[in-house]
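Numbering of the sequence shown is given in UniProt numbering, commencing with residue 1 and proceeding in unit increments. One structure is given below, encoded as structure tokens.
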Amino acid sequence: MVVDDGPADAGDAEGADDVEAAALLERAGFDADESVLTDRQAEVLALRERGLRQSDIADRLGTSRANVSSVEASARDNVERARETVAFAEALSAPVRVEIEGGTDLYDAPKHVYDACDEAGVKVNQTAPDLMKTIGDRAGDAVHGREVRSRLFVTVDANGQIRVRQP
């Protein structure tokens, strides 16, 4: 649950009282029929991005701050799930897919990726140290030092773009 009702940054919230959520959503091109977000979730996120506190949003919407917190938490969860779905779909269509098992030395990962890219005829424009850094940075807590602690999927698209996902 997102509970953050601290003071809004005055610079971020400047003019926020004058902006209607519907106008924000329209300017951003929000379409509830095509989105994983409900109208209310999109409205709460838009107002939070403008710097409004949850209590201020609750006052605007005629509801409780707890309700706004719940709506915001659900919205952020839906956004994260949508991102993961897109990453999964992109991984399915990537010509190069490499699984790096937990317990692997990060220094061994580039060879696995380069071998798979060679087999698929895909060029990676990163040196081995750069590729290790990319994998380490994008793996989050799955990599600690040189150790890959949990299984990772590394995909490379036809343009050499690298994506790292944890299952």
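Backbone N, C-alpha and C fix where the C-beta goes; we use that ideal spot for every residue, glycine too.
Between Ala89 and Arg97, the gap from beta carbon to beta carbon reaches 9 Å or more.
From the listed residues Glu119, Arg40 and Ala82, the smallest Cα separation to Asn67 is found for Arg40. Per the Cβ contact rule, the stretch 121 to 131 is not in contact with the stretch 59 to 77 (fewer than 3 Cβ pairs under 8 Å). By the Cβ rule, the stretch 145 to 159 counts as touching the stretch 97 to 113, because three or more pairs are nearer than 8 Å. Distance from the CA atom of Phe30 to the CA atom of Leu47, rounded to whole angstroms, is 14 Å.
For Val113, the secondary structure class from DSSP, reduced to helix, strand or coil, is helix. Val96 sits in a strand when the DSSP states are folded into three classes. Around the beta-carbon of Glu72, 16 or more other beta-carbon atoms lie within 10 Å, marking it buried.
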